[in-house]
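Accompanying notes for the structure given below.
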Amino acid sequence: MSTKESTDRGVAVEVRGLRKSFNGQMVLKGIDLKIAAGEIFVIMGPSGAGKSVLLKHMIGLETPDQGEVLIEGIPVQGAHVMDRFRLAMIFQSGALLNSLTVGENVGLYLREHRSKPPREIDLIVREKLDLVGLKGVEDRYPNELSGGMKKRVAIARGLVIEPQLLLYDEPTSELDPISAVTIAEEILNLNRRIHATSVVVTHDRDLAFGVADRIAIIDEGKIVLVGSPDEVKANPNSVVQRFITADFRKEKPTL
Amino acid sequence: MFQNIGEMMLLLWLTIKAIPSAWRQKRKILEQLFEIGNASLLMACILSLFIGGVIALQSGPVLRTRGLVSALGGLVGLSICKELAPVMMAILISGRIGSSMTAEIGSMAVYQEIDALKTMNINPVRYLVVPRMIAICISLPVLVMFSILVAWLGGALVAAFNREIGVSMESFFNNLRNVVEVRDVVNGLIKSFVFAVVIGIVACHQGLQTIGGPRGIGRSVTKAVVNSLVLILILDYFLTRFLLYFDK
Chain U
4 MSTKESTDRG
14 VAVEVRGLRK
24 SFNGQMVLKG
34 IDLKIAAGEI
44 FVIMGPSGAG
54 KSVLLKHMIG
64 LETPDQGEVL
74 IEGIPVQGAH
84 VMDRFRLAMI
94 FQSGALLNSL
104 TVGENVGLYL
114 REHRSKPPRE
124 IDLIVREKLD
134 LVGLKGVEDR
144 YPNELSGGMK
154 KRVAIARGLV
164 IEPQLLLYDE
174 PTSELDPISA
184 VTIAEEILNL
194 NRRIHATSVV
204 VTHDRDLAFG
214 VADRIAIIDE
224 GKIVLVGSPD
234 EVKANPNSVV
244 QRFITADFRK
254 EKPTL
Chain Y
13 MFQNIGEMML
23 LLWLTIKAIP
33 SAWRQKRKIL
43 EQLFEIGNAS
53 LLMACILSLF
63 IGGVIALQSG
73 PVLRTRGLVS
83 ALGGLVGLSI
93 CKELAPVMMA
103 ILISGRIGSS
113 MTAEIGSMAV
123 YQEIDALKTM
133 NINPVRYLVV
143 PRMIAICISL
153 PVLVMFSILV
163 AWLGGALVAA
173 FNREIGVSME
183 SFFNNLRNVV
193 EVRDVVNGLI
203 KSFVFAVVIG
213 IVACHQGLQT
223 IGGPRGIGRS
233 VTKAVVNSLV
243 LILILDYFLT
253 RFLLYFDK
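Going down the list, the protein sequences come from chains U and Y.
So for the first sequence, this note's numbering puts the first residue at 4; every next one is plus one.
So for the second sequence, this note's numbering puts the first residue at 13; every next one is plus one.
See below:
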């Protein structure tokens with residue numbers, strides 16, 4: 004870890020003029036964003052709006068057609084960004100390595116980077132699994148877990164890195180309401196404890212308005228609005244209002 | 013095709029560069045060695061026994077009618093160690109191990125496990141490709157060595173027990189010893205090493221390139237096996253030409 008800029012603080016992220024298309028279909032149509040260090044920034048929007056693609060650009064998994072993503076002013080596509088900053092991403096599917104046990108998955112980063120002695124890694128793994136409400140599952144394989152448990156293991160794997168930038172792709176999907184609250188609390192705790200910058204892509208309005216410092220609404224590859232939760236709620240834009248107030252009620256039977 | 017070859021050469025270069033840190037993956041290397049070597053040994057022995065036997069069966073009666081049956085041991089010995097054992101084992105390992113490598117890495121690519129490795133700053137080439145390449149490059153030549161010995165035995169058994177051939181095992185092996193030199197066996201082992209590199213790189217490259225779910229995995233596996241078979245047979249010719257210079 005000595006090679007990292009090992010400060011216990013988050014990193015600032017800037018997205019400049021980001022454009023990306025797949026098979027001729029433009030998914031991101033010029034995204035500009037500034038996310039402050041230590042901020043919890045939520046990206047909301049309808050399915051297919053480009054949220055996950057934007058998130059992947061932020062950690063260098065996708066190469067933009069145009070524009071760039073900067074972490075502390077350094078292009079994320081450039082060399083050594085991953086060596087300088089501790090970044091983590093929680094995938095929507097969990098993306099656990101199926102050939103490894105839960106314990107090996109959670110401790111993978113520490114083992115591969117030789118950050119700690121094996122006994123200490125085991126302790127950290129247990130501690131992080133406890134934190135997400137999973138006990139005694141270290142020796143189980145991912146295919147023996149439910150979707151929600153996989154998600155929590157993935158979050159524990161991200162927490163082990165003690166990241167400066169943590170990207171969550173739909174962290175509460177497939178979770179029961181109690182687990183969703185635990186995850187939301189952990190996003191807040193991590194932010195308080197190490198001032199990590201968190202970028203959360205979600206459809207979950209409770210999560211978004213509960214944890215966000217600022218919210219961005221994205222629609223058809225463009226940012227429609229960026230503001231505090233109160234500003235977003237008060238904004239009259241029809242796309243925004245439709246998204247945050249969408250509701251369904253069963254019709255009451257007429258007598 | 014040419015783009016693929018360029019990408020495979022690049023992957024080979026990245027793999028070679030990552031080899032110095034391979035000791036950190038020793039557990040994975042051992043797992044792969046077990047998977048490739050141990051699991052393929054029985055199949056390799058059966059295949060080799062019958063290949064040796066059929067060469068003796070085909071050529072023995074012809075040699076006998078021309079009064080050359082005493083040369084059968086040398087003929088079977090040379091053709092097995094220089095050509096048949098390396099090529100047959102490469103085909104077996106390509107179908108059995110190359111395909112499973114592609115499927116495993118391909119499913120990791122499709123289900124974002126490789127993306128997860130990248131986000132943890134873990135180099136997928138070092139973590140996934142290097143252990144497999146080292147294991148296949150060790151185990152294929154060892155399997156070929158086994159295959160040569162078993163095929164010779166198969167040839168000798170057929171030569172001894174087939175009435176139309178009637179060459180005792182002793183005279184079969186005497187002639188084989190007179191004709192086959194150590195460098196002929198080394199020749200086969202060099203070929204098998206090159207084939208191992210081809211199978212490993214093609215399989216890992218196709219796995220890493222996989223997109224599009226289970227159908228994509230199936231497509232990658234087929235492509236990996238077909239491409240490595242084509243490359244093995246083409247390279248076999250050029251390697252033979254190259255190695256013939258050292259026979260003179």
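Virtual Cβ for every residue (Gly too), placed ideally from N, Cα, C.
Quick caveat: nothing in here was measured; it's all calculated off a predicted structure.
So residue i contacts chain Y; which residues on that side make the cut at Cβ distance below 8 Å?
i, result
"Asp-86 (chain U)", "Asn-133"
"Ile-164 (chain U)", "Met-132"
"Met-47 (chain U)", "The premise fails here: Met-47 (chain U) is roughly 22 Å from chain Y at the closest Cβ pair, so nothing lies under 8 Å."
Could you check the C-alpha separation between residue i and residue j for me, to the nearest Å?
i, j, result
"Gly-224 (chain U)", "Phe-246 (chain U)", "15 Å"
"Leu-255 (chain Y)", "Lys-94 (chain Y)", "10 Å"
"Ala-199 (chain U)", "Phe-44 (chain U)", "11 Å"
"Thr-252 (chain Y)", "Leu-129 (chain Y)", "41 Å"
"Arg-217 (chain U)", "Thr-185 (chain U)", "21 Å"
"Asp-172 (chain U)", "Pro-256 (chain U)", "39 Å"
"Ala-249 (chain U)", "Ser-50 (chain U)", "14 Å"
"Phe-251 (chain U)", "Asp-209 (chain U)", "16 Å"
"Gly-106 (chain U)", "Thr-175 (chain U)", "22 Å"
"Gln-124 (chain Y)", "Gly-85 (chain Y)", "54 Å"
"Leu-36 (chain U)", "Val-154 (chain Y)", "57 Å"
"Leu-126 (chain U)", "Gln-221 (chain Y)", "37 Å"
"Thr-6 (chain U)", "Ile-17 (chain Y)", "With a pLDDT of 46 at Thr-6 (chain U), under the threshold of 50, the modelled position of this residue cannot be trusted; read the value that follows with caution. So the alpha carbons of these two residues sit roughly 36 Å apart."
"Leu-103 (chain U)", "Gly-107 (chain Y)", "25 Å"
"Val-79 (chain U)", "Val-197 (chain Y)", "52 Å"
"Lys-235 (chain Y)", "Ala-187 (chain U)", "45 Å"
"Arg-114 (chain U)", "Leu-53 (chain Y)", "33 Å"
"Ser-182 (chain U)", "Gly-136 (chain U)", "8 Å"
"Val-210 (chain Y)", "Ser-240 (chain Y)", "7 Å"
"Ile-160 (chain Y)", "Ser-60 (chain Y)", "7 Å"
"Phe-88 (chain U)", "Gly-76 (chain U)", "12 Å"
"Ala-39 (chain U)", "Val-18 (chain U)", "12 Å"
"Leu-61 (chain U)", "Met-101 (chain Y)", "For clarity, residue 61 (chain U) is Met in the given sequence; the question names Leu instead. Met-61 (chain U) and Met-101 (chain Y): Cα-Cα distance of roughly 46 Å."
Against residue i, what residues of chain Y qualify as contacts under a CB-to-CB distance less than 9 Å, listed in chain order?
i, result
"Glu-112 (chain U)", "Note that residue 112 (chain U) is Tyr in the sequence shown, not Glu. Under the 9 Å cutoff, chain Y gives Met-132, Asn-133, Ile-134."
Please state whether DSSP places residue i in a helix, a strand or coil.
i, result
"Gly-20 (chain U)", "strand"
"Phe-25 (chain U)", "strand"
"Met-55 (chain Y)", "helix"
"Thr-252 (chain Y)", "helix"
"Ile-190 (chain U)", "helix"
"Gly-151 (chain U)", "helix"
"Met-20 (chain Y)", "helix"
"Ile-63 (chain Y)", "helix"
"Pro-136 (chain Y)", "helix"
"Ser-240 (chain Y)", "helix"
"Tyr-144 (chain U)", "coil"
"Ala-215 (chain U)", "coil"
"Thr-248 (chain U)", "helix"
"Ile-46 (chain U)", "strand"
"Ile-62 (chain U)", "coil"
"Glu-254 (chain U)", "coil"
"Arg-232 (chain U)", "It should be pointed out that residue 232 (chain U) corresponds to Pro in this sequence rather than to Arg. The answer is helix: DSSP assigns Pro-232 (chain U) an H, G or I state."
"Leu-57 (chain U)", "helix"
"Thr-114 (chain Y)", "helix"
"Val-79 (chain U)", "coil"
Can you pull the chain A neighbours of residue i, defined as C-beta to C-beta under 9 Å?
i, result
"Leu-100 (chain U)", "In the structure shown, chain A does not exist; the protein chains are U and Y."
Return yes when the Cβ of residue j is within less than 7 Å of the Cβ of residue i, no when it is not.
i, j, result
"Val-163 (chain U)", "Lys-131 (chain U)", "yes"
"Ala-208 (chain Y)", "Val-156 (chain Y)", "no"
"Gly-219 (chain Y)", "Val-122 (chain Y)", "no"
"Val-14 (chain U)", "Leu-168 (chain U)", "yes"
"Val-84 (chain U)", "Ile-93 (chain U)", "no"
"Gly-65 (chain Y)", "Gly-228 (chain Y)", "no"
"Gly-161 (chain U)", "Ala-91 (chain U)", "yes"
"Ile-220 (chain U)", "Met-29 (chain U)", "no"
"Val-137 (chain Y)", "Ala-30 (chain Y)", "yes"
"Cys-57 (chain Y)", "Val-162 (chain Y)", "yes"
"Gly-151 (chain U)", "Leu-178 (chain U)", "yes"
Given that residue i touches chain Y, what residues does it touch there, using C-beta distances under 7 Å?
i, result
"Ile-62 (chain U)", "Thr-131"
"Ser-96 (chain U)", "Tyr-123, Gln-124"
"Leu-90 (chain U)", "Thr-131"
"Glu-123 (chain U)", "What Glu-123 (chain U) touches in chain Y: nothing, since even the nearest Cβ is about 18 Å away."
Can we count residue i as close to the ligand NAD, meaning its CB is less than 6 Å from some heavy atom?
i, result
"Asp-250 (chain U)", "With respect to the ligand NAD, the structure offers nothing, as it holds no ligand at all."
request  = State whether the segment 188-198 of chain U contacts the segment 105-121 of chain U, with contact taken as three or more CB pairs (one from each stretch) at a distance under 8 Å.
outcome  = No, they do not touch.
contact_flag[the segment 38-57 of chain Y, the segment 146-164 of chain Y] where n(CB pairs < 8 Å) is 3 or more = yes
request  = Could you tell me whether the segment 109-121 of chain Y touches the segment 215-231 of chain Y, where touching means 3 or more Cβ pairs closer than 8 Å?
outcome  = The segment 109-121 of chain Y is in contact with the segment 215-231 of chain Y.
inquiry  = Counting beta carbon pairs with one atom in the segment 167-186 of chain Y and one in the segment 232-246 of chain Y, are three or more of them shorter than 8 Å?
reply    = no
inquiry  = Pairs of beta-carbons, one from the segment 32-43 of chain Y and one from the segment 130-145 of chain Y, closer than 8 Å: are there three or more?
reply    = yes
message = Between the segment 18-25 of chain U and the segment 62-72 of chain U, can you find at least three pairs of beta-carbon atoms closer than 8 Å?
response = Judged by pairs of C-beta atoms under 8 Å, the segment 62-72 of chain U touches the segment 18-25 of chain U, as three or more such pairs exist.
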